[in-house]
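Novice: Position 150, counted from 1, in the sequence shown is what numbering that gives the first Met the number 0 calls 149; the numbers after and before it change by one each time, with no gaps.
We treat Cβ as the ideally placed atom computed from N, Cα and C, and that holds for glycine.
Got a structure for you, questions after.
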Amino acid sequence: MAEWDALLPEVKAYMDTHRDGYQRFLDRLIEDTNRIRHGLECSPLIYSIYSRREKQRGDPFKKDEKIAKKLYEWRDKTPDARLQDIHDIIGITIVVNFPSDRDRVADYIASDRSGQCFEVYKQHLRKDKGYYAMHLLVRPKNALQFPVQRAEIQIKTMLHDGWGAKTHDLTYKPQGEIDRILDRHMQILGDVLQHLDDQSELIKMAIQDRWQADRRRRYAAREQLFWSLTNSSNAAHAQDLRELAQAIKDERDELAILDLGDPRFMALADRLRKLAEKLGAGPDVSRLYTYLASIRAASDDVTAFALNAIDEWQNVTIGDARAQARVEMFRSLTYYAVGQLEKAVISSRRALLAAASAPDVVPQAKSNLAYFLAELLYDAAEKDAALVDEALRLSDEALREASATALPSAKDTRGAVLIALGATEHDVRTGLQLCLEAKAAASSQRSDVLEAFFRLHERRAFRRLLSME
């Protein structure tokens with residue numbers, strides 16, 4: 000007979016009196032946490048929610064023997080401990096994907112922003128024998144409706160939830176020599192899982208950083224395209240271009256996710272097609288399609304139309320080296336706008352080859368190639384030294400050869416290359432200064448474009464400077 004068995008009658012009498020109240024509070028707890036799960040703030044974070052009912056074949060309460068054991072242990076330290084102080088007679092488990100999700104969900108629940116029926120009176124991260132979980136101890140806000148009830152919310156990652164289910168029975172075996180050995184193995188394996196969780200968190204952060212960088216690149220490219228569309232040299236259709244470009248910009252959030260067969264998307268596509276027929280093959284049609292492709296969340300569906308428009312533009316410029324170089328430079332911008340950096344570099348190389356017969360285009364072609372090389376190399380785990388040298392050389396040459404009107408763009412490119420690939424803190428700071436000068440020197444019409452690129456370069460500069468400390 001265990002020492003705590005003497006407390007079983009007290010536990011049974013208490014539960015007979017308050018069982019219904021615990022059940023009602025548990026039902027409210029499940030209802031409110033599921034509402035949180037489906038809310039805007041936490042829906043991407045929570046994988047599942049369950050109570051003891053799912054683990055104990057229909058019994059939602061802590062077993063009487065375990066309640067008695069906990070009460071016995073508490074009274075051994077605090078003689079006046081009460082049954083109503085036990086916080087885990089009922090409880091739920093919230094399962095999330097990543098450790099950071101665990102912390103965010105816990106903080107959101109504790110902040111009481113969702114108007115739940117309970118309040119958190121204690122929050123702590125529990126680590127024990129390889130067990131890792133955030134524990135929230137909660138009590139009802141309405142003490143008249145639930146005078147003695149308490150509950151526990153455990154928030155675990157999927158890995159630790161699975162491991163906890165697998166080792167649950169071992170955890171409660173009587174302790175002996177063999178159990179101490181098992182405990183040690185369980186702790187080691189639990190710590191391994193935590194290490195995996197931490198590594199998955201780092202991978203998630205790296206992926207999110209890339210998403211953020213891609214979004215900033217797309218935004219900067221869209222600003223450049225929007226500016227070029229609203230400043231078209233096609234006088235006959237300039238107003239139509241401006242209006243359609245503005246319509247795409249105003250509806251960009253919906254256009255990013257609309258199905259191609261959606262009536263709204265089809266209406267816009269029809270409008271774009273009719274204008275393209277009026278304009279004919281050339282830069283304006285290519286810009287329109289590329290602008291739309293850059294907005295699409297999954298842009299491959301429209302990118303093909305943009306590239307086809309560029310091919311048609313190229314076909315009408317055969318024999319004109321300068322025009323061919325500009326077509327390839329624009330093609331590289333299209334690839335950049337949709338996140339295909341390797342292809343952007345290839346097109347930039349073609350543009351530089353075509354520019355050999357049009358010397359006035361060479362500085363811009365060099366600048367473009369240098370910029371896309373820097374973009375490609377910035378995220379590379381191992382940077383090709385020859386390509387780094389090429390980007391630095393080309394950006395320096397482009398800056399020295401640039402005309403007065405092209406100087407702000409050449410400065411911005413040189414600055415971006417130094418920020419991304421410079422070897423020293425001085426290089427990065429010099430690059431940031433050049434980007435500032437480019438932004439300050441830009442015409443009022445181009446200020447939005449340079450501002451968009453500057454924000455991208457500034458964030459990158461600060462990150463590189465921090466990594467050099």
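1) When burial is assigned at 16 or more other CB atoms within 10 Å of the CB, is Tyr130 buried or exposed?
2) Do you know how far the Cα of Ile154 is from the Cα of Lys382?
3) Within 8 Å, do at least three Cβ pairs link the region 311-331 to the region 348-355?
4) Relative to the alpha-carbon of Gln122, which residue among Arg52, Ile418 and Val137 has its alpha-carbon at the smallest distance?
5) Does DSSP put Pro43 in a helix, in a strand, or in coil?
6) Using a Cβ-Cβ cut-off of 7 Å (strictly less than) and excluding sequence neighbours within five positions of Gly175, which residues of its own chain qualify?
7) Between the beta-carbon of Met133 and the beta-carbon of Arg103, is there less than 8 Å?
8) Are Ala67 and Val10 close, meaning C-beta to C-beta below 8 Å?
9) For the putative contact between Ala409 and Leu417, defined by C-beta atoms under 8 Å, what is the C-beta separation to the nearest angstrom?
10) Could you give the DSSP three-state label for Pro139: helix, strand or coil?
11) Would you identify the three-state DSSP class for Ile177, choosing helix, strand or coil?
12) Starting from His17, trace the alpha helix (DSSP H) both ways and give me its first and last residue.
13) Would you check if there are 3 or more beta carbon pairs closer than 8 Å linking the region 68-85 to the region 27-37?
14) Can you tell me where the beta strand (DSSP E) holding Leu124 begins and where it ends?
15) Roughly how many whole angstroms lie between the Cα atoms of Ala246 and Tyr334?
16) The alpha helix (DSSP H) that contains Ile418, what's its start and end?
17) Is Gln363 buried or exposed, if buried means 16 or more other CB atoms sit within 10 Å of its CB?
18) Compute the distance between the beta-carbons of Ala336 and Ala292, then report whether it is under 8 Å.
19) Return the first residue and the last residue of the alpha helix (DSSP H) that Val284 is part of.
20) Just the C-alpha distance for Asp4 and Trp73, rounded to the nearest angstrom, thanks.
21) Nearest by alpha-carbon distance to Glu2: which of Tyr46, Tyr13 and Tyr71 is it?
22) Applying the criterion that 16 or more other CB atoms from any shown protein chain within 10 Å of the CB defines a buried residue, is Tyr49 buried or exposed?
23) Output the distance between the C-alpha atoms of Leu44 and Lys126, rounded to the nearest integer angstrom.
24) Terminal residues of the continuous alpha helix (DSSP H) containing Ile247?
25) Under the three-state reduction of DSSP, which class applies to Val147: helix, strand or coil?
26) Closest by CA to Gly90, which one among Leu259, Asp15, Asp111 and Val119?
27) Count the other C-beta atoms from every protein chain shown that fall within 10 angstroms of the C-beta of Thr16, then say buried if there are 16 or more, exposed otherwise.
28) Find the nearest neighbour of Lys365 within the set Ala384, Ala324, Leu376 and Ala379, judged by alpha-carbon distance.
29) Measuring CB atoms only, is the region 267-274 touching the region 308-322, in the sense that at least three cross pairs come out at less than 8 Å?
Specialist: The short version:
1) Per the 10 Å Cβ criterion, buried.
2) 41 Å
3) yes
4) Val137
5) coil
6) Since pLDDT at Gly175 reaches only 46, below the 50 mark, its modelled position is unreliable, and the value read off the structure follows with that caveat. Excluding sequence neighbours, Gly175 sits near nothing in its chain.
7) If you check the CB distance, Met133 and Arg103 do not come in under 8 Å.
8) Result yes, Cβ atoms of Ala67 and Val10 sit closer than 8 Å.
9) Wrong, their Cβ atoms sit about 13 Å apart, outside the cutoff.
10) strand
11) With a pLDDT of only 47 at Ile177, under 50, the local geometry of the prediction cannot be trusted, and the value read off the model is given with reservation. Residue state, collapsed to three classes: helix.
12) Leu7 to Arg36
13) Short answer: they don't touch.
14) Phe117 to Asp127
15) 23 Å
16) For Ile418, the enclosing alpha helix (DSSP H) stretches over residues Leu406 to Leu420.
17) buried
18) yes
19) First-last of the alpha helix (DSSP H) with Val284: Pro282 to Ile294.
20) 14 Å
21) Tyr71
22) exposed
23) 22 Å
24) Ala237 to Asp249
25) coil
26) Val119
27) exposed
28) Ala324
29) no
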